[in-house]
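Whatever position you read off the sequence shown (first residue = 1), add 9 for the numbering used here.
Heads up, the beta-carbon is just placed ideally off N, CA and C, and yes, glycines get one too.
Encoded as structure tokens, the structure appears first; notes follow it.
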Amino acid sequence: MSRLVVVSNRMPLGSNPSGGLVVALQDAMEKGGGLWIGVQPDADVLEGAEPAGENAVSVPGANFDRVAAVVPASAYDDYYLGYANSVLWPLCHGRMELIEQRPHYRAAYEAINSRLAKVVARFLRPDDILWVHDYHHLPLAAALRAEGVQNAIGFFLHIPFPTAANIHAVTGVEDVMSWISQYDLVGLQTQRDVSSAMDVFRQFPDSQFLMDGSLRFRNRTFEIKSFPIGIDAAAFRDIAARSRARLAPRARRWIIGAERLDYSKGLPHRLRAFGKLLETEIDLQGAVSFLQIASPTREDVQAYREIREELEQLSGAVNGRFSDINYTPIQYLNRGVPRDRLAGLFRQADVGLVTPLADGMNLVAKEYVAAQDAEDPGVLVLSGFAGAHEQLGQHALIANPYDIEQMARTIAAALLMPLEERIERHQAMLRIVMEQDVAWWSESFLNALEAKRLGSEFLSIL
Ligand code: ADQ
Numbered sequence: 010m011s012r013l014v015v016v017s018n019r020m021p022l023g024s025n026p027s028g029g030l031v032v033a034l035q036d037a038m039e040k041g042g043g044l045w046i047g048v049q050p051d052a053d054v055l056e057g058a059e060p061a062g063e064n065a066v067s068v069p070g071a072n073f074d075r076v077a078a079v080v081p082a083s084a085y086d087d088y089y090l091g092y093a094n095s096v097l098w099p100l101c102h103g104r105m106e107l108i109e110q111r112p113h114y115r116a117a118y119e120a121i122n123s124r125l126a127k128v129v130a131r132f133l134r135p136d137d138i139l140w141v142h143d144y145h146h147l148p149l150a151a152a153l154r155a156e157g158v159q160n161a162i163g164f165f166l167h168i169p170f171p172t173a174a175n176i177h178a179v180t181g182v183e184d185v186m187s188w189i190s191q192y193d194l195v196g197l198q199t200q201r202d203v204s205s206a207m208d209v210f211r212q213f214p215d216s217q218f219l220m221d222g223s224l225r226f227r228n229r230t231f232e233i234k235s236f237p238i239g240i241d242a243a244a245f246r247d248i249a250a251r252s253r254a255r256l257a258p259r260a261r262r263w264i265i266g267a268e269r270l271d272y273s274k275g276l277p278h279r280l281r282a283f284g285k286l287l288e289t290e291i292d293l294q295g296a297v298s299f300l301q302i303a304s305p306t307r308e309d310v311q312a313y314r315e316i317r318e319e320l321e322q323l324s325g326a327v328n329g330r331f332s333d334i335n336y337t338p339i340q341y342l343n344r345g346v347p348r349d350r351l352a353g354l355f356r357q358a359d360v361g362l363v364t365p366l367a368d369g370m371n372l373v374a375k376e377y378v379a380a381q382d383a384e385d386p387g388v389l390v391l392s393g394f395a396g397a398h399e400q401l402g403q404h405a406l407i408a409n410p411y412d413i414e415q416m417a418r419t420i421a422a423a424l425l426m427p428l429e430e431r432i433e434r435h436q437a438m439l440r441i442v443m444e445q446d447v448a449w450w451s452e453s454f455l456n457a458l459e460a461k462r463l464g465s466e467f468l469s470i471l
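Put into structure tokens, the structure is as follows:
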């Protein structure tokens, strides 16, 4: 078995990692003895870091090796807040009006990936397999190939693939295609994303669709497939069952939502739907509350400051209209909460609202299902725009965030659903979330990548 080298913008730090990606890959890393490489702006000090050659530090203290490529802080901002989060993020989530393209964003994005490639190349052994994560690193394989790296390189995109029409908003779209083609295996969250990617490549005369399902772009052959990411469902279920977090007062019905405060998550639409619900179902006034936990994120980007203001205004308006001495309809927390607390709150809530406008997968949907008490489970209300809809859509209640009244009616239906139906739907979803968990996801991807590596080794012997 070859060694696994993972590359992502952020690296797992701290002794008790809880981020999805880190938990996801830790197992695989420990088995094969892995190396994780991240990016670190030079202005931030990494505790315990030791110099590791030019532009790199190593961080001891984990079960696998960790190296950070150190980059200038100003270039980091243009790469991370600029190209990654003001161009690619809105592009992939179909929010074209929020795209802000500047030549220096793109230059920093390429420069940081080239610099990262030099660090990766230095640590790489010939039969390592490399797994690069997310939209921050589209050009990394191309930069590594320029350094002479011939290893098998896989890529996983955690967010939606842009549509064939939208992709043209990005300047130099053929470069982006060519970056992608330098990977051996490109993993996407859903079949819908794979279709979008195929549609994008189909527009270019340089693309060829081969009989074995792989794709040729210019002189590179590679494959694009879907690998829906999962959670560590068994662990999350246990944490939820053991958690002591309580929703109070308990006599009240509770609806919950939790995400980063991102404009892709459809939060204003959700608050409006909840307001509509209280307006139309008068009996629910005083009887149902909505806990929305939204952790701040990317606040240096204007669009994120605006959505935050909008939410404060909306929750204030609903509360102003429907509050009573002992009743606050919306409890809005603008911060993150510890994982065990979140799991316990999910378990107690009667309804979980996961209603993004666009989302690669959405792990909260899976966490909400895993957290439920199987004998008295809550109801998942899911939008068709979450990647999770491909796996869970048949069993969840489906809400359309673009139709506020429909969403309000769906929440009402969730609150009224009889126990038998709740159990039936929950069982079906739990089976999927447990079987297609995070270990299943990383194993499927890595097996497919390993098969590519062995395939090309075989060809090179011939
Ligand atoms: P995100 O957009 O961050 O991830 P998501 O998949 O929901 O979205 O994962 C968020 C994680 O952070 C979950 O584990 C959730 O419990 C936790 N979290 C969110 N808000 C929190 C809060 N306020 N307090 C505490 N914890 C909170 C991106 C893509 C997704 C894709 C994932 C993984 O946008 O579509 O599912 O990567 O591939």
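- The closest heavy atom of ligand 1 lies 8 Å or more from the beta carbon of N335.
- Looking at the DSSP output, Q340 bridges to L300.
- With a threshold of 16 other beta carbon atoms within 10 Å, D87 meets it and is buried.
- With contacts defined as CB atoms closer than 9 Å, R201 and E430 fail to qualify as a contacting pair.
- By the 16-neighbour rule on beta-carbons within 10 angstroms, L30 is buried.
- Contact annotation: V378 and L401 have beta-carbon atoms nearer than 9 Å.
- Of the residues T199, I162, F213, F165, the one whose Cα lies closest to the Cα of M186 is F213.
- Taken in chain order, the whole alpha helix (DSSP H) runs of length 4 or more contained in the stretch 212-249 number zero.
- For V54, the number of other beta carbons within 10 angstroms of its own is below 16, and it is reported as exposed.
- At a Cβ-Cβ threshold of 9 Å, R350 and A380 do not count as neighbours.
- According to DSSP, A77 shares a beta bridge with G47, V66.
- Here DSSP, grouped into helix, strand and coil, assigns H278 to helix.
- In terms of Cα proximity to H145, the closest of N175, G396, A33, L125 is L125.
- Here DSSP, grouped into helix, strand and coil, assigns P171 to coil.
- Per DSSP, the beta bridge partners of A267 are I302.
- A distance below 9 Å separates the beta carbons of W188 and A150.
- DSSP, reduced to helix, strand and coil, places V346 outside both helices and strands of the structure shown, so it counts as coil.
- For I138, the uninterrupted beta strand (DSSP E) segment begins and ends at 138-142.
- S453 sits in a helix when the DSSP states are folded into three classes.
- Going by C-alpha positions, V76 is about 9 Å away from V48.
- At least one heavy atom of ligand 1 falls within 8 Å of the beta-carbon of N371.
- For V158, no beta strand (DSSP E) run applies, since DSSP gives it neither H nor E.
- Taking C-beta atoms under 8 Å as the contact rule, G163 and L133 fail to qualify, at a distance of about 14 Å.
- Comparing alpha-carbon positions, the option among L44, P69, N160 lying closest to L463 turns out to be N160.
- Just so you know, the alpha carbons of D412 and K285 end up roughly 11 Å apart.
- DSSP places I108 in no beta strand (DSSP E); its state is neither H nor E.
- Excluding its 5 nearest sequence neighbours in each direction, H278 has C-beta neighbours in its own chain below 6 Å: P410, listed in chain order.
- DSSP places V378 inside the alpha helix (DSSP H), whose first and last residues are 372-380.
- Residue state for D86 is assigned as helix, using DSSP reduced to three classes.
- A check of alpha carbon separations from G295 across P305, S252, R314, P258 identifies P258 as the nearest.
- The Cβ neighbour count for P427, taken over all protein chains shown within 10 Å, is under 16; the residue is labelled exposed.
- Of the heavy atoms belonging to ligand 1, at least one sits nearer than 8 Å to the Cβ of S273.
- DSSP places L389 within a strand segment (E or B) once states are collapsed to three.
- The three-state secondary structure of E319, taken from DSSP, is helix.
- For the set F170, S298, L320, the Cα lying nearest the Cα of N335 is the one of S298.
- In the DSSP assignment, L197 falls within the beta strand (DSSP E) that extends over 194-197.
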